[in-house]
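Novice: Chains as they are written, first to last, in the numbering used here: chain U, 1 to 365; chain D, 366 to 730. Glycine is no exception: its CB is placed at the ideal position from the N, C-alpha and C atoms. Let me begin by handing over the structure; questions about it come next.
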């Protein structure tokens, strides 16, 4: 049912990645468990993933991919409405290792299956090996009977791109030009690949993300499209905030950009946490060669921008921070037609990402 | 999406197991791989499973459950039309460890999830442990969003029962009364469980099956319903055939039986192989404590009865035996409205079963 297409490209076949705000048939997630990334044997993270799954399941179907070892526990912990399907992975970031689903606007749905190398491979990747993660996209395509384009040489994570569904891709140089991704391709060649596999015409480049050491600056902590011609971007007035400079630079750059349709972007500000979110309890994280060590006191990458848009809703991270309510009200103002739901996700930030990183939407064909 | 129902029974809720000849939405299989059961690293068996999957896929969708280790190989070997989904198992007998799907005739579909103990548990089971197999039914129910009745204490394998979908169950005493199944229940209590969970009224008991040492005499090597009021039964005139006595006894017993509707059964004869099917090449089977050893020269359980009925077709084992063509013509005569397809499956018989044992149909709701 699920073909691997290697002799064509999505753009040639009329397929494109729809915006996240387009209608969806459901969301995939992966159950966290590796004790060398998540503190306390991943139990607090599992509780947070359950809360995220429950929040999304109010709006649309959720499928949780779970290892055989954790199958029974995940099934027992998750709401009944969540479907649990076995899948071996290397960690829990389906945004980055899962497929990028594409549609053709005429009832067809396919997917791009990028090469995944754990955010930098042997250059500066976060763990080794990553072979199970690199098979996740294909497994989801099999599950959903989706034909896929396997971009064999080309490394990309879903968290490093946002699209408006109308020809524009937004990304960062810090990530896509990093030596751990596609060192043999220059910026122009990468633009060509993005356009061919996302069905786009124009690539908007921000310079930096906020986590050079983890994802090498994924866009999904910095900015995203909220509707055609409009983006949200992180913002703070606090010059001492660890993300102040990157936020300002992103905001200024976006404010000068036009999209594929020639529209000047309208940029909405989204606050950052008042205080940096600092990792606690890192001493319970297993110490394993090949995984980057985490230490208590490190700045966790806690961005309200890492929300997920679902049918009729937006699921927004909350960090037990003074600005939590402000972030919710700002997101609600951006999406007056959707119900905004906050979920406490410090534990997910401790592991290196948040709600957008741990979800992958299945757009409606 | 998939509830576990423990406070009711199928018969109370109006659910029953439909006959195999009722319409189906698809078939599940499990990829064989354990080298202590299948010769030559399971490679010949994998080829035979591919042929069976391809034959079924001509008629209806097939989902192959595969371990993570064999995922890529299975995907590469199987026809594109077959969906491949990860699932950890202990071996490849989804008839026995999978769910028994039930319908209510009003659009509803549920399942019975029996306890599985590898054909006899610690008494005379064929391998240990079997915990992965015992989770297969639940995993298939999750995949298909099917609510299931978990019969916690009650051990049953799908291969030990056949139903006519009109109130009758056919089974064997050799299996269901064996000390390795439900030693605390007497025949009457077992009848009550079968009727409650299969939505039946009458249990027809044959005495013996043909493989006392493997499945303890599963019915699906001996007889099956081919339509309401009619059964097929193995038959041979050769008194030296290893299954001569059991075949005669089954035929005679069935010829005297009436079903739940009071109909005297019409019994169709199905030949056995001319020559016993003897295991070859057992020296390449891994030797592992806890698995029953296999030896070259053993009689493999090769029965033409172990066919699978699918939408518009019947998939029938072929053993490279003089009676192969006769078996096909007899099955064709039983099912004039279906296309009969033979598949060479000696390798599957070497592992202890055949086409019916390695498949589980999903009836149409």
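Among D/501, D/474 and D/466, whose alpha-carbon lies nearest the alpha-carbon of residue 482 of chain D?
Specialist: Of D/501, D/474 and D/466, the residue nearest in Cα terms is D/501.
Novice: Between residue 84 of chain U and chain D, is any beta-carbon pair separated by less than 8 angstroms?
Specialist: True, the Cβ-Cβ gap to chain D drops below 8 angstroms.
Novice: On the DSSP bridge assignment, give the partners of residue 147 of chain U in chain order.
Specialist: The partner list for residue 147 of chain U (beta bridge, DSSP) reads U/110.
Novice: Looking at C-alpha atoms only, which residue of D/583, D/567, D/579 and D/565 is the closest neighbour of residue 573 of chain D?
Specialist: Ranking D/583, D/567, D/579 and D/565 by Cα distance to residue 573 of chain D puts D/583 first.
Novice: Taking the alpha-carbon positions, what's the residue 276 of chain U to residue 248 of chain U distance?
Specialist: Approximately 17 angstroms, taken between the alpha carbons.
Novice: Relative to the C-alpha of residue 252 of chain U, which residue among U/261, U/263 and U/268 is closest?
Specialist: Answer by Cα proximity: U/268.
Novice: Quick one: Cα of residue 407 of chain D to Cα of residue 643 of chain D, how far?
Specialist: Spanning the two alpha carbons is a distance of roughly 17 angstroms.
Novice: Count the other C-beta atoms from every protein chain shown that fall within 10 angstroms of the C-beta of residue 459 of chain D, then say buried if there are 16 or more, exposed otherwise.
Specialist: By the neighbour-count rule (16 or more Cβ atoms within 10 Å), residue 459 of chain D is buried.
Novice: Per DSSP, what are the beta-bridge partners of residue 631 of chain D in this structure?
Specialist: Residue 631 of chain D pairs with D/595.
Novice: Does DSSP classify residue 125 of chain U as helix, strand or coil?
Specialist: Residue 125 of chain U falls in the coil class under three-state DSSP.
Novice: Can we say the stretch 541–553 of chain D touches the stretch 399–414 of chain D, given the rule of at least three CB pairs closer than 8 angstroms?
Specialist: No, the stretch 541–553 of chain D does not touch the stretch 399–414 of chain D.
Novice: Which residues of the stretch 504–515 of chain D have a Cβ closer than 8 angstroms to any Cβ of chain U? Give them in chain order.
Specialist: Listed by position along the chain: 504, 507, 508 and 510.
Novice: Less than 6 angstroms between C-beta atoms, sequence neighbours within five positions excluded: which residues of the same chain meet that for residue 200 of chain U?
Specialist: If we look at residue 200 of chain U and ignore the five residues flanking it on each side, its Cβ neighbours are 167 and 169.
Novice: Using beta-carbon positions only, say whether residue 90 of chain U and residue 145 of chain U come within less than 8 angstroms of one another.
Specialist: Not a contact, by the Cβ cut-off of 8 angstroms.
Novice: What is the DSSP secondary structure of residue 360 of chain U, counted as helix, strand or coil?
Specialist: Strand at residue 360 of chain U.
Novice: Compare the C-beta of residue 367 of chain D with all C-beta atoms of chain U and state if any pair is closer than 8 angstroms.
Specialist: Yes - at least one Cβ of chain U is within 8 angstroms of the one on residue 367 of chain D.
Novice: Taking the alpha carbon of residue 385 of chain D as the point to measure from, which residue in D/526, D/505, D/707 and D/663 has its own alpha carbon closest?
Specialist: Residue 385 of chain D has its Cα closest to that of D/526, out of D/526, D/505, D/707 and D/663.
Novice: Specify, as a first and last residue, the run of the alpha helix (DSSP H) that residue 346 of chain U falls within.
Specialist: Element bounds for residue 346 of chain U: 346–351.
Novice: Would you list, in sequence order, the uninterrupted alpha helix (DSSP H) runs of no fewer than 4 residues that lie entirely inside the stretch 375–456 of chain D?
Specialist: Counting only runs of 4 or more, we get 375–378, 408–422 and 436–442.
Novice: Taking C-beta to C-beta, are residue 466 of chain D and residue 677 of chain D nearer than 8 angstroms?
Specialist: Their beta carbons are not under 8 angstroms apart, which means residue 466 of chain D does not touch residue 677 of chain D by this criterion.
Novice: Quick one: which chain D residues come within Cβ less than 8 angstroms of residue 224 of chain U?
Specialist: Near residue 224 of chain U there are no residues of chain D at all, since even the closest Cβ is about 29 angstroms away, more than 8 angstroms.
Novice: Name the residues in the stretch 84–118 of chain U whose C-beta lies less than 8 angstroms from a C-beta of chain D; which are they?
Specialist: Under the 8 angstroms Cβ criterion, the stretch 84–118 of chain U contributes 84, 85, 86, 87 and 88.
Novice: Is it the case that the Cβ atoms of residue 115 of chain U and residue 155 of chain U are separated by a distance below 8 angstroms?
Specialist: Yes, these two residues count as a Cβ contact at 8 angstroms.
Novice: Does any heavy atom of the ligand GTP sit closer than 7 angstroms to the C-beta of residue 153 of chain U?
Specialist: The ligand GTP is absent from the structure shown, which contains no ligands of any kind.
Novice: Does the separation of the CB atoms of residue 426 of chain D and residue 440 of chain D fall below 8 angstroms?
Specialist: Not closer than 8 angstroms, so no.
Novice: Any idea if residue 708 of chain D is buried or exposed, counting beta-carbon neighbours within 10 angstroms, 16 or more meaning buried?
Specialist: Under this definition residue 708 of chain D is a buried residue.
Novice: Residues of the stretch 429–443 of chain D with a CB closer than 8 angstroms to any CB of chain U: list them in chain order, please.
Specialist: Listed by position, the residues of the stretch 429–443 of chain D near chain U (Cβ gap below 8 angstroms) are 433, 436, 437 and 440.
Novice: I believe residue 461 of chain D touches residue 524 of chain D by the beta-carbon criterion, under 8 angstroms. Please report the beta-carbon distance rounded to the nearest angstrom.
Specialist: Contact holds; Cβ gap of about 5 angstroms.
Novice: Residue 80 of chain U touches chain D at which residues, Cβ-Cβ below 7 angstroms?
Specialist: 368, listed in chain order.
Novice: Decide yes or no for the touch test of the stretch 229–244 of chain U against the stretch 297–307 of chain U: beta carbon pairs closer than 8 angstroms, at least 3 of them.
Specialist: Contact holds: three or more Cβ-Cβ distances are below 8 angstroms.
Novice: Restricting to Cα atoms, I'd like to know which of U/187, U/324, U/11 and U/339 is closest to residue 56 of chain U.
Specialist: Cα-wise, what sits closest to residue 56 of chain U is U/339.
Novice: Of the choices D/431, D/442 and D/436, whose alpha-carbon is the least far from that of residue 419 of chain D?
Specialist: With distances taken between Cα atoms, residue 419 of chain D lies closest to D/442.
Novice: Please check the pair residue 554 of chain D and residue 516 of chain D, which I expect to be a contact at CB under 8 angstroms, by giving their CB distance rounded to whole angstroms.
Specialist: Rounded, the Cβ-Cβ distance is 13 angstroms, inconsistent with contact.
Novice: Taking beta-carbon pairs under 9 angstroms, can you tell me which members of the stretch 25–52 of chain U lie near chain D?
Specialist: Here the close residues number zero.
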